[in-house]
Amino acid sequence: MALVRRSIAIDLGTASVLVYSKQKGIILEEPSVIAVDFLSKKILSVGESAKKLLGRTPGSIVAIRPMKDGVIADFKATEEMLKYFIEKSIDKALLKPDVLICIPSKATQVEKRAVLQASENAGSHRTYLIEEPLAAAIGAGVDTSDPGGNMVIDVGGGTTDVAVISMGQIVVSESIDIAGDCFDRAIINYVRERYGLLIGETSAEKIKIQANNLELNDSIEIKGRDIEEGLPVQKYMPMEELQEALIPSIDKVCDVVIKVLSETPPELAADLYDRGIIMTGGASMTRFLRERINDKIQVEAYIADDPIRCVVKGTGKALEWLRKLDEETMESIKEKQIELAYKEGLRRR
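Here it is as C-alpha cells:
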C-alpha cells in the first residue's frame, strides 16, 4: 500500500502556502488566508479568493491569517485551511497522503505538536517535520552533506531563519519574527506618521514590491485615506524615505546574522567568507536588505534562484527520505514476519 500512497510537501508559511508533489512538482501556491462567517462559523473561501477579502469584508465576514510569525495562531482555521489544500492537492485519492511540513528552526515542542495535530485532523496519513533553513538550503541547490559551512537566511512572511549548515545538520540557528509582514507594517506606520495617510497591508506590500524596480532617486506612488479629512488621497514617497522606513527592521535581521556568526565554529565561519551567504524566501528580495547585510557583515550575500519556492522545493526533495523510511520499515516488518513464521513452524513441530 505504501507504494501507491501519495506524498506531498507543504511550505506552511505565514503569508502563503505552497504544496509540492514528487510526480508534478509545485502543484499549489496560494495565500495562507481563510474567510469565515463568524455568525454561522461557515468557511466561505480559502487562499487566493480569501486574500481579496482582506480589509474589504462586511461585518459578519472576517478574513484572517491562521499563521503568525511562522507558527499556528488559530488552530481550527489552520486545520480547515490545511484540509482544503490537502484535498485540492491529492484530488480524491483513495489513500490519505504522507505529508512533510517545514517549520521555523526555533519552533517549540508545543508548536511542533500543534502542526502535527492540525495536519492529522486535516486528513494526512502521517506527518513529518523539517526545519525551514535546511529545506531552503536543499532547495537552493546547496550540498548539505558537505562538511564545509553554508549559511542560509530564509526571510519569509512571518519569520526570518538564519542558520549555518554542515554535514546535513543545522549547527547554529536563530529565528526572529522580523520578516515580510514586519517590513509591511514599517511602511504602513511611516506613511501614517510622515504623510497622515492610512494604507492597508496589501498596499504596503505593493509598495515594497514596486521598490525593487526603481532607482534610489525615484518616487513611489501611494494611495490611501487621509487621517484628518477622511478622503482618498494620492501622494508620492521618495525612495530615500522608504529606505528610512525599512532600515530599523532590516538592522534587526542583520543583528541576528551577526549573533549566529559569533556562535559559529571558527572553521565553518571561515568557509562562509569564501562561499558567501544564501538568501531565500519572498521577503529576501526586499529593497535595501541584501545591500545592508553586505555592508554590515562584510560577507557577500546573494539571493538564490527562485527564492520564493526554495523552501518548498527543498521540502519536496526531502520527500525521498519518506520513501526510504517506508522501505526500511517494510523491510523490517517482513523480517519480523519471517522470524515469527519460523518460530511458529518450530512450535508446531
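Numbering (our numbering), first residue to last: 1 to 349. Note that the Cβ used here is the ideal one computed from N, Cα and C, for glycine as well.
Which of helix, strand or coil DSSP assigns to residue i
i           : result
residue 265 : coil
residue 198 : strand
residue 234 : strand
residue 283 : helix
residue 92  : coil
residue 31  : strand
residue 289 : helix
residue 213 : helix
residue 224 : strand
residue 174 : strand
residue 243 : helix
residue 81  : helix
residue 14  : coil
residue 294 : helix
residue 22  : coil
residue 142 : coil
residue 62  : strand
residue 9   : strand
residue 271 : helix
residue 42  : strand
Euclidean distance between Cα positions of residue i and residue j
i           : j           : result
residue 151 : residue 275 : 9 Å
residue 74  : residue 239 : 36 Å
residue 125 : residue 98  : 5 Å
residue 235 : residue 214 : 17 Å
residue 144 : residue 312 : 16 Å
residue 111 : residue 33  : 19 Å
residue 196 : residue 262 : 41 Å
residue 133 : residue 82  : 22 Å
residue 12  : residue 80  : 13 Å
residue 31  : residue 202 : 12 Å
residue 10  : residue 17  : 7 Å
residue 171 : residue 164 : 6 Å
residue 129 : residue 254 : 27 Å
residue 6   : residue 198 : 47 Å
residue 118 : residue 102 : 14 Å
residue 299 : residue 15  : 29 Å
residue 328 : residue 318 : Its pLDDT being 49, under 50, residue 328 is placed unreliably in this model, and the value from its coordinates should be taken loosely. Each residue's Cα considered, the two are about 16 Å apart.
residue 44  : residue 66  : 15 Å
CB-CB length for residue i against residue j, believed under 8 Å
i           : j           : result
residue 62  : residue 46  : With 8 Å as the limit, residue 62 and residue 46 do not qualify as a contact, their Cβ atoms being about 13 Å apart.
residue 161 : residue 173 : 7 Å
residue 211 : residue 287 : 4 Å
residue 207 : residue 227 : So it is not a contact: roughly 18 Å between Cβ atoms.
residue 140 : residue 310 : 5 Å
residue 315 : residue 20  : 6 Å
residue 191 : residue 224 : 7 Å
residue 284 : residue 175 : So it is not a contact: roughly 15 Å between Cβ atoms.
residue 308 : residue 301 : With a Cβ gap of about 17 Å, residue 308 and residue 301 do not count as contacting.
residue 159 : residue 70  : 4 Å
residue 278 : residue 242 : Going by Cβ atoms, the distance from residue 278 to residue 242 rounds to 25 Å, so no, they are not a contact pair.
Endpoints, the beta strand (DSSP E) within which residue i is located
i           : result
residue 50  : Here residue 50 belongs to no beta strand (DSSP E); instead the alpha helix (DSSP H) covers 48-51.
residue 99  : 98-103
residue 166 : 160-166
residue 154 : 150-155
residue 301 : 301-303
Endpoints, alpha helix (DSSP H) assigned at residue i
i           : result
residue 119 : 109-122
residue 138 : 132-139
residue 315 : 310-317
Does the stretch 173-187 come within contact of the stretch 241-251, defined as at least 3 CB pairs closer than 8 Å?
yes
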